[in-house]
Amino acid sequence: MSENKLSLLLQRLSMIVLIALLASAFAMAPAAAQDATDILVWSLGYGGDYNDSLVERFNEAHDDVQITYEDVLTGTFTENNQKVRIALENEAGPHVLGGVDVGANLQALVSTGQVRDLTEYYRASGLIERIPANLLSQVTVEGRIYAIPQNLESVGIFYNKDVFAELELDVPTEWAEYIDVLEAVKDAGYYGYTMGLAGGWPSALMASMFMYSSAGSEYIDVLSSTQPWTDCDNCLDGMDAFYGMVANGYANPEPLGIDYNQSLDLFYQGITVMVLNGPWFIDDAFAAEPDFEIGFFYLPAVNPNTDIKTLGGIGGSLIIAEYADVDAAFKVVDWLTTEETAVQALREVSVLPAFSIEVPDDIDPLTFQIASETAANVDKLGFWPVTYLPPKVFGDMNQIVQGMIGGMLTPEEFMSEMQETHSTYLAEN
Amino acid sequence: MEFLSGSAQRRLQGAPFYLLLTLATVITLVPIIWVFASALKSNKEIRANALALPQEWRFQNYIDAWFGASFDAYFFNSIFITVTSVGLVLILSSLAAYSFAKMRFRGNQLLFFIFLFGMAFPLSAKLGPLLSLMYELNLANSRFGLILVYVAGSLPFAILMLRAFFQGFPQELEDSAFLDGCSRFQFYLRILLPLSRPSLMALGIFVFMGTWNEFFQALLLINEDSKRTLPLGLTAFQDEYFTDFALSFAGINITAVPVIIVYIMFQRNLIEGITVGSLK
Amino acid sequence: MAHSLSAPAKVKSSPRFRIDLMPYLFILPAVIIYVVFNLGPVLASFFLSFFRWDLLSPTSEFIGFNHYNFILNDDRFWNALSHNFIFLGLAVVIPVSMGLFLAVFIYEIRTGRVFFRAALFLPAIFSGVVIAYVWKWIYHPFAGVLNPTLELIGLGAFTQSWLGNPKIALYSTFIAYTWASFGYSMVIFLAGLQDISTDIFDAARVDGANFRQKLFHITIPCLYDVFTFVITLRIFTAMGVFGVIYILTGGGPFYSSDVIDIYVFRMIGNFEMGWATAAATVNTVVVVFLSTGFIKYREWRSWSS
Chain A
1 MSENKLSLLL
11 QRLSMIVLIA
21 LLASAFAMAP
31 AAAQDATDIL
41 VWSLGYGGDY
51 NDSLVERFNE
61 AHDDVQITYE
71 DVLTGTFTEN
81 NQKVRIALEN
91 EAGPHVLGGV
101 DVGANLQALV
111 STGQVRDLTE
121 YYRASGLIER
131 IPANLLSQVT
141 VEGRIYAIPQ
151 NLESVGIFYN
161 KDVFAELELD
171 VPTEWAEYID
181 VLEAVKDAGY
191 YGYTMGLAGG
201 WPSALMASMF
211 MYSSAGSEYI
221 DVLSSTQPWT
231 DCDNCLDGMD
241 AFYGMVANGY
251 ANPEPLGIDY
261 NQSLDLFYQG
271 ITVMVLNGPW
281 FIDDAFAAEP
291 DFEIGFFYLP
301 AVNPNTDIKT
311 LGGIGGSLII
321 AEYADVDAAF
331 KVVDWLTTEE
341 TAVQALREVS
351 VLPAFSIEVP
361 DDIDPLTFQI
371 ASETAANVDK
381 LGFWPVTYLP
391 PKVFGDMNQI
401 VQGMIGGMLT
411 PEEFMSEMQE
421 THSTYLAEN
Chain B
430 MEFLSGSAQR
440 RLQGAPFYLL
450 LTLATVITLV
460 PIIWVFASAL
470 KSNKEIRANA
480 LALPQEWRFQ
490 NYIDAWFGAS
500 FDAYFFNSIF
510 ITVTSVGLVL
520 ILSSLAAYSF
530 AKMRFRGNQL
540 LFFIFLFGMA
550 FPLSAKLGPL
560 LSLMYELNLA
570 NSRFGLILVY
580 VAGSLPFAIL
590 MLRAFFQGFP
600 QELEDSAFLD
610 GCSRFQFYLR
620 ILLPLSRPSL
630 MALGIFVFMG
640 TWNEFFQALL
650 LINEDSKRTL
660 PLGLTAFQDE
670 YFTDFALSFA
680 GINITAVPVI
690 IVYIMFQRNL
700 IEGITVGSLK
Chain C
710 MAHSLSAPAK
720 VKSSPRFRID
730 LMPYLFILPA
740 VIIYVVFNLG
750 PVLASFFLSF
760 FRWDLLSPTS
770 EFIGFNHYNF
780 ILNDDRFWNA
790 LSHNFIFLGL
800 AVVIPVSMGL
810 FLAVFIYEIR
820 TGRVFFRAAL
830 FLPAIFSGVV
840 IAYVWKWIYH
850 PFAGVLNPTL
860 ELIGLGAFTQ
870 SWLGNPKIAL
880 YSTFIAYTWA
890 SFGYSMVIFL
900 AGLQDISTDI
910 FDAARVDGAN
920 FRQKLFHITI
930 PCLYDVFTFV
940 ITLRIFTAMG
950 VFGVIYILTG
960 GGPFYSSDVI
970 DIYVFRMIGN
980 FEMGWATAAA
990 TVNTVVVVFL
1000 STGFIKYREW
1010 RSWSS
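Chains as they are written, first to last, in the numbering used here: chain A, 1 to 429; chain B, 430 to 709; chain C, 710 to 1014.
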C-alpha cells in the first residue's frame, strides 16, 4: 500500500507544481501597453542578444514609440518567407520586418500590396544618397523603392592561417592558384573545402555561387528563365568546378551526411582548412574558440572574365507593412539606419552595413579586413542569385544538387534536370 | 533437471527471456543515456570522444540553454498550452462520450462515425485550409489558436476511448440515480466523472504527451519566438546553435525531461490509456 | 477500432416523445471545435483541390482535375508515395514483430514485468523532434556515436554515411521511426496477452508445448484482433510519417527519403496549394482505402475461418 500512497503524494505534489507553473506563465504575459505607439518588429535574421540590446536602447531613447521585438526564424528560408507573406497579407504580421530577402521574394511581397512604398521616404530622409546604386536597384520594383538594405553579405573564403603558414601557401587570387592551394592542402592530409549539404538549403546556395562566379549576369538570365539552363556553358563550367571540390577529394567526406552547421565544426576542429562563408560567420567562429588564426580572401572567380567581383550581396532588408502607423514606423527605421547604429552592429556582431560608413579601425582585424574590402568593392558587389528563383524551383534545386554531389547525376544531367523542373513549374503557373 | 525444484526450474527457463529483454532494454536506453551524459560534457570533450562519459558535470549547459536561448519562455508556453488543452479535451470529450454511450438520439451512430473519421486521415490533409482559417479567425500566431487546433485533433481518440469506458457502466446505476431525482447533467457531474477518474487520468496523460510533443502544426501556425513551444523552439535553436554540441544536448533534454517525469509518475495510466482504446 | 465501430451503443429509452435536446447539447461543444478546426479543413482541402487557389487571394477558379493530372504525372509524387509504401511494408513487419516478441518475453517472466515494459516503452513518449535530433547525433559521421560503436564491436565494415547515402537514407530514418514506435505495439500486445485466459497456456504447458508451438498455435491466433489494431495503427503512422524525416534528411539526398507529407509540406511552403491539396487528398484516399480494406479483410477472414 505504501507504493500507492507514494504515488498519490507524487501526484498531489505535481498538481501543486503545475498550478505554480501555470500561475507564473500567466504572470509572464507582457504588461499592458503604455500611451506610446507600439511597433512590432519581426526579425528573420540571427542576432539574438544583440538585437535585444538594440531594442532596449531604442525604447530607452524614445517615449512616444516603443518596439516589441520578435525573432521569427524557424525552418528553411523558403518556409519563413512564405509564413511572413501570409501573415502580412492577413494584417497579422509585424509593422516593421527585418531580414527580408530581396529579389523574387521582395517582388512577391510587393505584389500582394502589403509593403509600403518607401520612395518618398528615401528622398525626404536623404537615405537615397547613402545607399550605393547597385544595391538600390535590388530593392526597386518597377521604379519604386520598397525596402531598405540593412547589411551586406560579402561572401568569400575563411581559411586556417596556421595551416597556410605551415604549408607556406599564399592567398590565391586566381582560380588556377586556388586549385593549387587545394592540391597542396590535400597532399598535406587536410581537406581544403568545407561542405555540408544535408537538409537542403545550402546545396542550391553553394552551387549557385560557383555558377555565378563563372557565368556572372548570364546566370541571372538563367534564373529569370530568359535563358535555358542547358544553353549556359559558363554555368556548366561553374558546376564542374563545384563538382570538382568533391570529385577531386578537396572537400570533406560525407558532404550529404552533415548539414551546413555541422560542416562548420569541421573547420573549427582544423579538419578542413577553408570554408566559403560570409561575415556573419566571424562571430560564430570566435565563439567556437578554434586554436588557430582565421584569415579571409575572396573566392577567385571560376571564369576570370566574369563581370562580378564578389559573391553575396544584400543580407537582409527592412520593410514596413502597409497597415503600420507610418510616423512611428519611420522613427524606428530612422534610428536603425543611423551611422551610429550601423557602426555599433559592425563593432559588436560583425554585421557589415549597407550604407557607406567610415569603418572604425579599432575593431577586430578580421572584421576590419572584410568591412574595408567590401566597402572598396561595393560597386562591383553581386547579389544572392537564388533569390531570383521561384521557391518551388529553389527547393527542387537543393535536391538536384544533392543528386549531383551524391554521384547520381553528372553536371550536364544536373543542367537538364534543372531545365525540366524549372520549365515544368513555369508551364503550370 | 530432476534435482531442481519446480520454481527454480521455471526461473531457469525464464533466463533466456531475461537475457533478451535486458539486451533490448540496453539498446533502447543507451541513446537516451548518451544524450543525458553528453549534455554534461564540454564541446571539446564531445568532439574528442563521443562515447566517453563526462569528466566533470557541467550543469552550466542547462543554465545557458534556459536563460540564454529562451528555453524558459518555451517551457512556460508548452505548459500553458498543454495543460489548457488537456483540460478542455477532458471536459468536451467526457460530455460527448456520455451522450454517445448512454443516450438515445437520432444521428448517434452517424455523429460518432464522423468523429471516428477524424482519426483516419494524415495530418497533411488539413494543413493548407487550416492555415488560411486560422488567419481568417485571427487565431494564427496565437497560443489560444494552437490550443483549439490541438483540442480538435485530440477529440476523436478521446471520445472513442471514453465512450468505450462509459458503455461499460451498469445501467442500474444511472436508473437509480434518476429515481433519486438526479438530472442527467448532475449524474454526469456527481457520479459519472468521479467514478471515471482512472480513465480520465489515463486519457489526460495520453493527451498531455501528444500535445506536449506536437511540432508540425506549431511550425505552421506560430511565428513569434515568444510564443514557441519547446519542440518548435528546439528546431529554431538547433539551427542557430548546432555547432554548440553541448548546448544542443541540453536543449533536447529540457524538452524531454518533463515527459519523462510525467511518464515515470503516471506510467500505468498512460499505458492503460493507449491499450484501452485498442482492446475495448 | 473495428470493434468500437461495430459495437452497438447501449442507449437509454426516453420516456418522452418530443425531441430530446439534451444529448445534442452534450455533444455540441465538441462538435463545434472538431468540425471547425479539424474536419472542416480536411473537407475544404478536398474541395479546394479542384480550384486554382494560392492561399493568399480569395478568388479561385474551378479547374476540375487539373491538379490531380499534374500530381499523378509527377515522378516525384510517385517517388514519395513509393517511399511511404516501403515504410509501410517495413513498419508492419519490424516494429510489430519486435513489439510482439518483447511482449511475449515480458509475459513469460515473473518478476520485473513493470520495469521492462516501462523501460522499453520509454522512447515512444518523446516528441518526433527530440527523436530526430537524438538520431541526427547518433548518425553524425564525425561526432556521432553509431560508427565508433560499430568499430568498437568489430563491425567496422558497416560504418556508413547513414543519412548522406541516398541508398540507405530512407532506411536510416526508418530505424529512428522504429526506435520510437515498437513500444506502442509492445504494450498493446502485452495488454492483449494478459486478456487471454491463462488456462490455455497452462493446458499447453501440461501438453509439453515448446515456446515456438505456443507462439504460433496459441499466442498469435488469440491476438488476431490485436494484430488488426496494431497494423492499422502502423498504416496511419507510416503513411503520415513526417517529423522524423523532416528533421533527419528533409527528404534528401536527391529525394531519396521523400515521403508524401514532406512533399505536401514543400508544396504548402511554396504556396502551391492546388498541388498540395490534391496530393494530400490522394494520400487520404490511399490511407482510408488501405485501413478500411485491411480491417474488412481481417473481419472477413475471421468470419470465414
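Don't be surprised by glycine CBs; every beta carbon is placed ideally from N, CA and C.
Note that this is a predicted model, so its numbers are computed, not measured.
Name, please, each residue of chain C whose Cβ falls closer than 8 Å to the Cβ of M391 (chain B).
Shown here, chain B extends from 430 to 709; a query on residue 391 (chain B) therefore has no answer.
Nearest to F867 (chain C) by alpha carbon, out of C:N979, C:P850, C:G978?
Your numbering for residue 867 (chain C) matches position 158 in the third sequence. Per the Cα distances, C:P850.
I need the boundaries of the beta strand (DSSP E) containing W495 (chain B), first residue and last residue.
Reading the second sequence from its first residue, position 66 is the one you call residue 495 (chain B). Run containing W495 (chain B): none; DSSP gives neither H nor E here.
Which one or two residues does DSSP pair with L40 (chain A) in a beta bridge?
Residue 40 (chain A) sits at position 40 when you count from the first residue of the first sequence. Partner(s): A:T68.
Along chain B, which residues have their Cβ under 8 Å away from the Cβ of I431 (chain A)?
What the structure shows of chain A is the stretch from 1 to 429, and residue 431 (chain A) is not part of that stretch, so it cannot be assessed.
Using 8 Å as the limit for Cβ to Cβ distance, is L346 (chain A) near chain B?
Residue numbering aside, residue 346 (chain A) sits at position 346 when the first sequence is read from its first letter. Taking Cβ atoms only, chain B never reaches closer than 8 Å to L346 (chain A), which makes this a no.
How big is the Cα-Cα spacing for L381 (chain A) and D237 (chain A)?
Your numbering for residue 381 (chain A) matches position 381 in the first sequence. Your numbering for residue 237 (chain A) matches position 237 in the first sequence. Roughly 21 Å separates the two Cα atoms.
May I ask you to report which of helix, strand or coil DSSP gives Q262 (chain A)?
The residue you call residue 262 (chain A) lines up with position 262 of the first sequence. Looking at Q262 (chain A) - three-state DSSP - the assignment turns out to be helix.
Under 7 Å between beta-carbons, which chain C residues line up against V578 (chain B)? List them in chain order, please.
Sequence index remark: in the second sequence, residue 578 (chain B) carries index 149 (1-based). Per Cβ cutoff of 7 Å: F746.
Would you say D916 (chain C) faces chain B, with C-beta separation under 8 Å as the test?
What you label residue 916 (chain C) is simply residue 207 of the third sequence in a count that begins at 1. Judged by the 8 Å Cβ criterion, D916 (chain C) is not in contact with chain B.
Name, going along the chain, the residues of the region 67-82 of chain A whose beta-carbon falls closer than 7 Å to a beta-carbon of chain B.
Per Cβ criterion, the list reads E70, D71, V72, L73, T74, G75.
Give a yes or no on whether the C-beta atoms belonging to M532 (chain B) and P732 (chain C) are separated by under 8 Å.
Locating residue 532 (chain B) in the second sequence gives position 103, where the first residue counts as 1. Locating residue 732 (chain C) in the third sequence gives position 23, where the first residue counts as 1. It is a contact, given that the beta carbons lie within the stated cut-off.
Could you spell out where the alpha helix (DSSP H) holding E1008 (chain C) opens and where it closes?
Along the third sequence, one-based indexing puts residue 1008 (chain C) at 299. E1008 (chain C) -> alpha helix (DSSP H) spans 982-1013.
Taking buried to mean at least 16 other C-beta atoms within 10 Å of its own C-beta, is P365 (chain A) buried or exposed?
Position 365 of the first sequence, counted from the first residue, corresponds to residue 365 (chain A). P365 (chain A) comes out exposed.
Does the count of Cβ pairs from the region 742-750 of chain C and the region 963-980 of chain C closer than 8 Å reach three?
Too few Cβ pairs lie closer than 8 Å, so no.
Look at the Cβ atom of T958 (chain C), then the Cβ atom of A878 (chain C), and state whether they are nearer than 8 Å.
Sequence index remark: in the third sequence, residue 958 (chain C) carries index 249 (1-based). Sequence index remark: in the third sequence, residue 878 (chain C) carries index 169 (1-based). Yes, the Cβ-Cβ distance between T958 (chain C) and A878 (chain C) is below 8 Å.
Listing by chain order, which chain B residues have their CB less than 8 Å from the CB of F794 (chain C)?
As a working mapping, residue 794 (chain C) is identified with position 85 in the third sequence. Going along chain B, no residue has its Cβ under 8 Å from F794 (chain C), so there is no contact; the nearest lies around 14 Å.
Identify every residue that forms a DSSP beta bridge with F158 (chain A).
Along the first sequence, one-based indexing puts residue 158 (chain A) at 158. Note: F158 (chain A) sits in a beta bridge opposite A:V275, A:F296.
Whose Cβ in chain A lies nearer than 7 Å to the Cβ of L872 (chain C)?
For the purposes of this step, residue 872 (chain C) is identified with residue 163 of the third sequence, where counting begins at 1. Going along chain A in sequence order, the residues near L872 (chain C) (Cβ under 7 Å) are A198, G257.
Can you grab the Cα-Cα spacing for the pair A108 (chain A) / V246 (chain A), in whole Å?
The residue labelled residue 108 (chain A) in the question sits at position 108 within the first sequence. The residue labelled residue 246 (chain A) in the question sits at position 246 within the first sequence. If you take the alpha carbons of A108 (chain A) and V246 (chain A), they lie about 36 Å apart.
Just to make sure I have the definition right: I need the residues of chain B whose C-beta is within less than 8 Å of the C-beta of T92 (chain A). Which are they?
Here residue 92 (chain A) corresponds to residue number 92 of the first sequence, with the count starting at 1. In the sequence as displayed, the identity of residue 92 (chain A) is Ala instead of Thr. Within 8 Å Cβ-Cβ: Y564, N567, A569, N570.
So which residues on chain B does Q269 (chain A) lean against when the C-beta distance must stay under 9 Å?
The residue labelled residue 269 (chain A) in the question sits at position 269 within the first sequence. Here the neighbours are R476.
For A165 (chain A), count neighbouring C-beta atoms within 10 Å of its own C-beta (all shown protein chains included) and say buried if the count is 16 or more, exposed if not.
Taking the first residue of the first sequence as 1, we reach residue 165 (chain A) at position 165. Per the 10 Å Cβ criterion, exposed.
Which class does A165 (chain A) belong to by DSSP, given the choice of helix, strand or coil?
Numbered from its first residue, the first sequence carries residue 165 (chain A) at position 165. Here A165 (chain A) sits in helix by DSSP.
Would W1009 (chain C) be called buried (16 or more neighbouring beta carbons within 10 Å of its own) or exposed?
Position 300 of the third sequence, counted from the first residue, corresponds to residue 1009 (chain C). With fewer than 16 Cβ atoms within 10 Å of its Cβ, W1009 (chain C) is classed as exposed.
Which value, in whole angstroms, describes the spacing of the CA atoms of M895 (chain C) and V994 (chain C)?
As a first step, residue 895 (chain C) is located in the third sequence; it is residue number 186 there, counting from the start. As a first step, residue 994 (chain C) is located in the third sequence; it is residue number 285 there, counting from the start. Near 29 Å, if we compare the C-alpha coordinates of V994 (chain C) and M895 (chain C).
Cutting at 6 Å between CB atoms, please list the residues of its own chain near W384 (chain A), excluding the five before and the five after it.
Taking the first sequence and counting its residues from 1, the one referred to as residue 384 (chain A) is at position 384. Result list for W384 (chain A): G313, in chain order.
Determine the direct distance from the alpha carbon of S416 (chain A) to that of Y219 (chain A), and round the result to whole angstroms.
In the first sequence, residue 219 (chain A) corresponds to position 219, counting from 1. In the first sequence, residue 416 (chain A) corresponds to position 416, counting from 1. Cα to Cα, the separation comes out at about 15 Å.
Among C:F759, C:N788, C:M807, which one has its Cα closest to the Cα of S890 (chain C)?
The residue labelled residue 890 (chain C) in the question sits at position 181 within the third sequence. Among C:F759, C:N788, C:M807, the Cα nearest to that of S890 (chain C) belongs to C:M807.
Pick helix, strand or coil for E770 (chain C), following the three-state DSSP scheme.
Translated into the one-based positions of the third sequence, residue 770 (chain C) becomes position 61. E770 (chain C) falls in the strand class under three-state DSSP.
What residues of chain A sit near E981 (chain C), judged by a beta carbon separation below 8 Å?
As a position in the third sequence, residue 981 (chain C) is number 272, starting the count at 1. The answer, in chain order, is K392.
If I follow the unbroken alpha helix (DSSP H) through T924 (chain C), where does it start and stop?
Position 215 of the third sequence, counted from the start, is the residue given in the question as residue 924 (chain C). A small correction: the amino acid at residue 924 (chain C) is Leu; Thr does not occupy that position in the sequence shown. It is not in any alpha helix (DSSP H) - L924 (chain C) carries neither H nor E in the DSSP assignment.
Closest Cβ-Cβ distance between E428 (chain A) and chain C: below 8 Å?
Within the first sequence, the letter at position 428 stands for residue 428 (chain A). True, the Cβ-Cβ gap to chain C drops below 8 Å.
Look at the Cβ atom of M764 (chain C), then the Cβ atom of F951 (chain C), and state whether they are nearer than 8 Å.
One-based indexing of the third sequence puts residue 764 (chain C) at position 55. One-based indexing of the third sequence puts residue 951 (chain C) at position 242. Note that residue 764 (chain C) is Leu in the sequence shown here, rather than Met. Against a cut-off of 8 Å, the Cβ pair of F951 (chain C) and L764 (chain C) comes out as no contact.
Could you tell me the alpha carbon to alpha carbon distance between T858 (chain C) and V464 (chain B), rounded to whole angstroms?
Numbered from 1 along the third sequence, position 149 holds the residue referred to as residue 858 (chain C). Numbered from 1 along the second sequence, position 35 holds the residue referred to as residue 464 (chain B). Spanning the two alpha carbons is a distance of roughly 15 Å.
Rounded to a whole number of angstroms, what is the C-alpha to C-alpha distance between F835 (chain C) and D240 (chain A)?
Locating residue 835 (chain C) in the third sequence gives position 126, where the first residue counts as 1. Locating residue 240 (chain A) in the first sequence gives position 240, where the first residue counts as 1. About 44 Å.
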